[in-house]
Amino acid sequence: MRLDNGVPNASTCRSLELGMIRCIDETKEQVRRDTGLSVTDAQVERVLAGKPCSMDEDARNIIQKQGRLYTERLLSAAMESGFDLKAIPVVMLGGGAAVVKGNVSEQDALCRVFALLDDKVNAEGFERILGQFSGGVSKG
6 MRLDNGVPNA
16 STCRSLELGM
26 IRCIDETKEQ
36 VRRDTGLSVT
46 DAQVERVLAG
56 KPCSMDEDAR
66 NIIQKQGRLY
76 TERLLSAAME
86 SGFDLKAIPV
96 VMLGGGAAVV
106 KGNVSEQDAL
116 CRVFALLDDK
126 VNAEGFERIL
136 GQFSGGVSKG
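Numbering (the numbering used here), first residue to last: 6 to 145.
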C-alpha cells in the first residue's frame with residue numbers, strides 16, 4: 006500500500022501470495038531435491054535471518070540462494086502491481102522483512118528498504134485496527 010503524505014491510500018493496496026510460509030516450504034523442498042536432506046522450518050528461518058545454525062554447507066548455500074530468489078520475486082511482484090520501488094522508499098514488515106533486508110544492498114539499486122523487524126508488528130497493527138472498530142481492545 007502506498008502512503009500519500011503519510012496517509013495510507015487504500016486504493017493502492019495489493020495482497021501478494023508471497024508470504025514467508027511459502028518461501029520456507031519452497032526452500033525446504035529445494036534443499037530436499039538437491040541434497041536429500043530434510044531441514045526444519047527453524048533451520049531455514051535461522052539461515053535466512055543470518056543466525057548461526059549447525060547444518061550442511063551445501064544446504065546452507067541453497068537456503069541463502071532461495072532467500073535471494075524469494076526477495077527478487079517479492080520485489081518484482083510489487084513492481085508489477087504498480088509500485089515503483091526505485092522512486093519511493095519501501096517499508097517491509099512481518100516475517101519476510103528480515104529476509105528482504107538481508108538480501109538487498111545499496112549496490113543492487115533494487116530499492117531503498119526500511120525493515121520493521123519486530124515480530125509482533127503485524128499483530129499490533131491488527132489490534133489497533135480492531136480497536137477502531139470495537140471502541141477499544143484490552144490486552145490480556
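By construction, the Cβ of each residue, glycine as well, lies at the ideal position given by its N, Cα and C atoms.
Beta-carbon separation (whole angstroms), residue i vs residue j, contact threshold 8 Å
i, j, result
"Q35", "Q69", "Q35 to Q69, Cβ: 11 Å. No contact."
Enclosing beta strand (DSSP E) for residue i [first to last residue]
i, result
"V12", "12 to 14"
"D30", "D30 -> not in any beta strand (DSSP E); alpha helix (DSSP H) instead, spanning 25 to 40."
"D63", "Unbroken run through D63 is the alpha helix (DSSP H), 62 to 85; no beta strand (DSSP E)."
"D89", "Taken as a continuous stretch (DSSP letters only), D89 belongs to no beta strand (DSSP E), as it is neither H nor E."
Assigned secondary structure, residue i (DSSP; H/G/I helix, E/B strand, else coil)
i, result
"R19", "coil"
"L135", "helix"
"V95", "strand"
Limits of the alpha helix (DSSP H) - the one that residue i falls within
i, result
"V52", "46 to 53"
Inset, instruction - Inspect the CB distances between the region 11 to 24 and the region 67 to 79 and report whether three or more fall short of 8 Å. - result: With the cut-off at 8 Å, the region 11 to 24 and the region 67 to 79 touch.
Inset, instruction - Inspect the CB distances between the region 57 to 69 and the region 30 to 48 and report whether three or more fall short of 8 Å. - result: The region 57 to 69 vs the region 30 to 48: in contact.
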